[in-house]
Amino acid sequence: EAQVTQNPRYLITVTGKKLTVTCSQNMNHEYMSWYRQDPGLGLRQIYYSMNVEVTDKGDVPEGYKVSRKEKRNFPLILESPSPNQTSLYFCASSSGQDNEKLFFGSGTQLSVL
Amino acid sequence: GENVEQHPSTLSVQEGDSAVIKCTYSDSASNYFPWYKQELGKRPQLIIDIRSNVGEKKDQRIAVTLNKTAKHFSLHITETQPEDSAVYFCAATRGTGTASKLTFGTGTRLQVTL
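Chains as they are written, first to last, in our numbering: chain A, 934 to 1046; chain B, 3 to 116.
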């Protein structure tokens, strides 16, 4: 089954404790991206990747890191989480090349205390 | 960069009525406009999209219209049903193969009441 898999679904952590949210897709998609969803603000892009070893900042990249060492994986790293990073995070992928349909993961609800 | 505004933020309609959600965009070069539906606790999913060379597109009870001159596009849902209750996001981007630069609106929570 074609899918984008995110883990974990829920995560509670404390300020400053490094964490990683994993994202994997099995559709051989070139494009992958991370969004955060906050009430009243919609979906805001954090980082995106157009292919292996190619990443770029989205609209709200501060406090986040990403890597794209393999085509299928695009982890989101919070080196020193802060309470303002409490949010619902979605990973998404797209094949690109005239097909912009985004396939979203199931989301990760992060709470930073 | 692109800025997408979406209205209303909440919308309540009775079952069987029509619902309309409107979005405006700022970048005149934008040429692809998708709509995503997010049911409660679920991931967003594409329901319909339109490109700038088309003024209207329909898929059963759902239609999207685009006015390039005014830089706005709308989602129309006819004969609404309870399963249409969800948050709807519009989005815009320029070029092809550019999902990486998709800008979303802030969402509309649609509630269909019996």
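The C-beta atom is built at its ideal place from N, Cα and C for all residues, glycine as well. Quick caveat: nothing in here was measured; it's all calculated off a predicted structure.
Query                                                                                                                                        : Result
Taking DSSP as the reference, what is the three-state secondary structure of N55 of chain B?                                                 : coil
Measure the C-alpha to C-alpha separation of V993 of chain A and E17 of chain B and round it to an integer number of angstroms.              : 38 Å
Would you say K1034 of chain A faces chain B, with C-beta separation under 8 Å as the test?                                                  : yes
Are any of the Cβ atoms in chain B nearer than 8 Å to that of S1000 of chain A?                                                              : no
Using a beta-carbon distance cut-off of less than 9 Å, what residues from the region 25–45 of chain B approach chain A?                      : Y34, P36, Y38, Q40, G43, K44, R45
Please confirm whether F1023 of chain A and Q936 of chain A have their CB atoms less than 8 Å apart.                                         : no
With a threshold of 8 Å between beta carbons, is S1039 of chain A in contact with chain B?                                                   : yes
According to the Cβ coordinates, are V109 of chain B and Q47 of chain B closer than 8 Å?                                                     : First, the amino acid is wrong: residue 109 of chain B is Gly here, not Val. It is not a contact, given that the beta carbons lie outside the stated cut-off.
Can you tell me which of A:P1008, A:S1013, A:Q939, A:G949 puts its alpha carbon nearest to the alpha carbon of T988 of chain A?              : A:P1008
The region 964–981 of chain A: which residues have C-beta closer than 7 Å to a C-beta of chain B, in chain order?                            : Y964, S966, G973, L974, G975, L976, Y981
Should F1023 of chain A be flagged as near chain B, meaning a C-beta pair shorter than 8 Å?                                                  : yes
Alpha carbon to alpha carbon, how far is A65 of chain B from P84 of chain B?                                                                 : 18 Å
Does any CB atom of chain A fall closer than 8 Å to the CB of G57 of chain B?                                                                : no
F106 of chain B CB to nearest chain A CB: under 8 Å?                                                                                         : yes
Who are the neighbours of F91 of chain B on chain A, taking C-beta pairs under 7 Å?                                                          : G975, L976
List, in chain order, every chain A residue whose beta-carbon is nearer than 7 Å to that of T95 of chain B.                                  : E1033
Under 7 Å between beta-carbons, which chain A residues line up against G109 of chain B? List them in chain order, please.                    : G975
What's the C-alpha gap between R942 of chain A and P36 of chain B?                                                                           : 26 Å
Could you tell me whether any Cβ in chain A is nearer than 8 Å to the Cβ of L48 of chain B?                                                  : yes
Between B:L77, B:V15, B:E58, which lies nearest to A93 of chain B when the distance is taken from Cα to Cα?                                  : B:L77
To the nearest whole angstrom, what separates the beta carbons of Y34 of chain B and T95 of chain B, a pair I think is in contact under 8 Å? : 5 Å
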